[in-house]
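Q: Sequence lines, in order, name chains A and B. Letter 104 of the first sequence, counting from 1, is numbered 532 in our numbering, and no numbers are missing. Letter 127 of the second sequence, counting from 1, is numbered 1131 in our numbering, and no numbers are missing. Cβ atoms here follow ideal geometry from the backbone N, Cα and C, with glycine treated the same way. For clarity, every value in this text was computed on a predicted model and none was experimentally measured.
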Amino acid sequence: MLELRDVHKTFNIGTINEKKALNGVDLKLEEGDFVTVIGGNGAGKSTVLNAIAGVWPIDNGTILIDGENVTGLPEHKRASFLGRVFQDPMTGTTATMEIQENLALAARRGQRRGLKWGITKREKMQFHELLAKLDLGLEDRMTSKVGLLSGGQRQAITLLMATLKRPRILLLDEHTAALDPKTAAKVLALSDQIIEENHLTAMMVTHNMRDAIVHGNRLIMMNEGKIILDIRGEEKKKITVEDLLRKFEEISGEEFANDKALLG
Amino acid sequence: MVTIIPVLGALDPLALVRALPGNVSQGMIWGIMSIGVYLTFKILNFADLTVDGTMATGGAVAVMLILAGYHPVVAVIMACIAGMVAGFITGILHTVFGIPDILAGILTQIALYSVNLNITGGKANQAVSVDQFDLIVSLRYITSTIVVTAILTALIIAILYWFFGTEMGFTIRATGCNPNMSRAQGINTSVAKVIALIFSNGLVGLAGGLLAQYQGNCDVNMGRGAIVIGLASVIIGEVLGEAIFGNRLNFCGRLLFVVFGSIIYYIVISFVVWLGLPSIDMKLFSAIVVAIFLAVPYLKGKTKNSYRRAAKGGVR
Ligand SMILES: Nc1ncnc2c1ncn2[C@@H]1O[C@H](COP(=O)(O)OP(=O)(O)OP(=O)(O)O)[C@@H](O)[C@H]1O
Ligand SMILES: [Mg+2]
């Protein structure tokens, strides 16, 4: 499925801002794995997801998706394998385009885009149905500009866009962190539902340890650019927030530097 | 007031009316150019300064081809293609070589100055007379100029309306608004930028080819300040269009209002000339007008949302 072999990434090499963000990451996802990713600020969680997505080239190591080596592919070419939702609701959609146009953009991920219509009648009907399922009333506002929507609505649409074309891997980077608790819970439930229904392989970064335990079948913890804990199945189900914090201190020898994690 | 009244009294209102058709035809030619500016400035979010050079390139190519015996229509098509090449070069400088947008445009623009002089055989100015050639537009035949440019503009707007509704058009709109998302959705944003620059400068080249025929000559300096006129048209058109139609203004309407903006710009220019502004101050005046139009939305936002106001106890 997805395999990272000894991935390294250092930002701003040779400057005073040099920062080793990934320091030998090895990870192998099985088909259908839903992995939650936790770790302190700056641990390298987002960087792992960005490395998979090809936002920039990595320094060292190999990334395989379905056995295909994608290490040398630029971001837009890897997009056909990936669905992504980001922390900032503004980043996942195009504000100046209509809801249905945004969805149409996503429906063509990985395809050549030529001089055919950017959106078809059939798609409009399909999108109407999909939006109705979200239960946010968006199906009646398909021609509204996305810029007019709330953060939660935009995040729901981004989620839909990420999975409209079945991705090999869904990458969620704290995609509920900018939402109010009620909306966050709704979007999280929606993510669960979409992942389940489509049997997707997914990685979800979260700062909420309880969410990380409750969701998915596997949990990894990162620190200083490395994966320091990788648990799954029964072991993961039984673990508590306290256990995780203790484990973190054991392995890293420091306190978990993240206040938000305790709030969950 | 006392001094102004006799001055106004000495002015001839009829002169202003007589100038109107000429303002309209000139505004319509520049309107085509301004649509090109709209594509980069508004849709792609790219400040493209190539256009000053491209306008003169279009003029030079058209005039030299006509003088060489080609049909004026062919000459205008070639002017358009020459513009496309210029846009392509700016696009490559920006996307392949990572040169910032403004600088990439300036580099092409400067290079075009030499290119244009080479096209015209080293002469700063080449005349093409409507008496000798069957020009498609000319300031001697203003009515037919207006008809021809109106048809052309309608055609251009129709093509752009279609194009921006296609998959490829969508990629350009998305790239201009959110390049990161575009790449995440598999769009090659570099290609999208280059395509938009080709389209934009193609229109500018075409307008240059028309303008040279209209004024009966091409000049290496005919594009100087074109970007300012283009921006003025885009902004005047936008302010006006939104004032009249608000959010109901669709893409076609926006493009149409860009052309109206350009016509209004030339009417205003003609008006201040009529008031007695020396022609050497024209560009200063244009720059000030555009600066004001660009600043107004920002300053308006600030009056609603400013530190000074916050310090006084906030917005009530
Ligand atoms: N594009 C970049 N340029 C420079 N430094 C970067 C870049 N992206 C990440 N970093 C640095 O790499 C380190 C890891 O960052 P990363 O964003 O992966 O952390 P994270 O685990 O996602 O943290 P958070 O919980 O705060 O989101 C940080 O020190 C960060 O400053
Ligand atoms: Mg992060």
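1) According to DSSP, residue 1223 of chain B sits in a beta bridge with which residue or residues?
2) Bridge partners of residue 576 of chain A, per DSSP?
3) Can a CB atom of chain A be found closer than 9 Å to the CB of residue 1184 of chain B?
4) DSSP state of residue 980 of chain B, grouped into three classes?
5) Suppose you measure from the CA of residue 1291 of chain B to the CA of residue 1188 of chain B; what does that come to, to the nearest Å?
6) Quick check on residue 443 of chain A: buried or exposed, where buried means 16 or more other Cβ atoms within 10 Å of its Cβ?
7) Could you tell me whether the Cβ atoms of residue 647 of chain A and residue 676 of chain A are closer together than 9 Å?
8) Determine which residues of the region 527-557 of chain A have a Cβ less than 9 Å from any Cβ of chain B, and write them out in chain order.
9) Under 7 Å, CB to CB, which of the residues in the region 496-509 of chain A have a partner in chain B?
10) Report yes or no: do the region 1043-1052 of chain B and the region 1270-1282 of chain B share at least 3 C-beta pairs separated by less than 8 Å?
11) Step through the CB atoms of chain B and report whether any lies within less than 9 Å of the CB of residue 520 of chain A.
12) Do residue 1275 of chain B and residue 1240 of chain B have their C-beta atoms within less than 9 Å of each other?
13) Comparing C-alpha positions only, which one of A:460, A:480, A:529 sits nearest to residue 508 of chain A?
14) Kindly indicate which three-state DSSP category residue 1028 of chain B falls into: helix, strand or coil?
15) For the alpha helix (DSSP H) that contains residue 677 of chain A, what are its first and last residues?
16) Check residue 692 of chain A in the structure and name its three-state DSSP category.
17) I want to verify the contact list: residues of chain B whose CB lies under 7 Å from the CB of residue 512 of chain A, in sequence order.
18) With the cut-off set at 9 Å, would you say residue 641 of chain A and residue 669 of chain A are in Cβ contact?
19) Can you list, in chain order, the residues of its chain with a C-beta nearer than 8 Å to that of residue 1330 of chain B? Leave out the 5 residues immediately preceding and following it.
20) So, for residue 683 of chain A: in the same chain, excluding its five sequence neighbours on each side, which residues have a beta-carbon less than 7 Å away from its beta-carbon?
21) Starting from the N-terminal end, write out each residue whose C-beta falls within a distance shorter than 7 Å of any non-hydrogen atom of ligand 2.
22) CB of residue 439 of chain A to nearest heavy atom of ligand 1: below 8 Å?
23) With respect to the beta strand (DSSP E) encompassing residue 601 of chain A, which residues constitute its N-terminal and C-terminal limits?
24) For residue 1086 of chain B and residue 1060 of chain B, I'd like the C-alpha separation in whole angstroms.
25) Is the Cβ of residue 606 of chain A closer than 9 Å to any Cβ of chain B?
26) Quick check on residue 429 of chain A: does DSSP put it in helix, strand or coil?
27) Taking 9 Å as the CB-CB cut-off, is residue 430 of chain A touching chain B?
28) Residues bridged to residue 647 of chain A by DSSP?
29) Does any heavy atom of ligand 1 sit closer than 8 Å to the C-beta of residue 631 of chain A?
A: This is what the structure gives:
1) B:1129
2) Paired residue(s): none; residue 576 of chain A is not in a bridge.
3) Against chain A, the CB of residue 1184 of chain B has a partner CB under 9 Å away; the residue lies at that interface.
4) No answer is possible for residue 980 of chain B: the residues shown for chain B start at 1005 and end at 1320.
5) 39 Å
6) exposed
7) No.
8) 529, 530, 532, 533, 534, 536, 537, 538, 539, 540, 541, 542, 543, 544, 545, 546, 547
9) Taking 7 Å as the Cβ-Cβ cut-off against chain B, the residues of the region 496-509 of chain A that qualify are 503, 504, 507, 508.
10) With the cut-off at 8 Å, the region 1043-1052 of chain B and the region 1270-1282 of chain B do not touch.
11) yes
12) Taking 9 Å as the cut-off, the beta carbon of residue 1275 of chain B is found no closer than this to the beta carbon of residue 1240 of chain B.
13) A:480
14) Look at residue 1028 of chain B here: in three-state DSSP terms it is helix.
15) 669-680
16) Reliability of the predicted coordinates at residue 692 of chain A is poor, the pLDDT of 44 falling under 50, and the value obtained from them is presented with this limitation in mind. Here residue 692 of chain A sits in coil by DSSP.
17) For the C-beta of residue 512 of chain A, the chain B residues within less than 7 Å are, from N- to C-terminus, 1188.
18) yes
19) Shown here, chain B extends from 1005 to 1320; a query on residue 1330 of chain B therefore has no answer.
20) 677
21) Per the Cβ criterion, the list is A:473, A:474, A:515, A:601, A:602, A:633.
22) yes
23) 597-601
24) 11 Å
25) So, not an interface residue.
26) coil
27) no
28) Per DSSP, A:464, A:659.
29) Closer than 8 Å to some heavy atom of ligand 1: that does not describe the Cβ of residue 631 of chain A.
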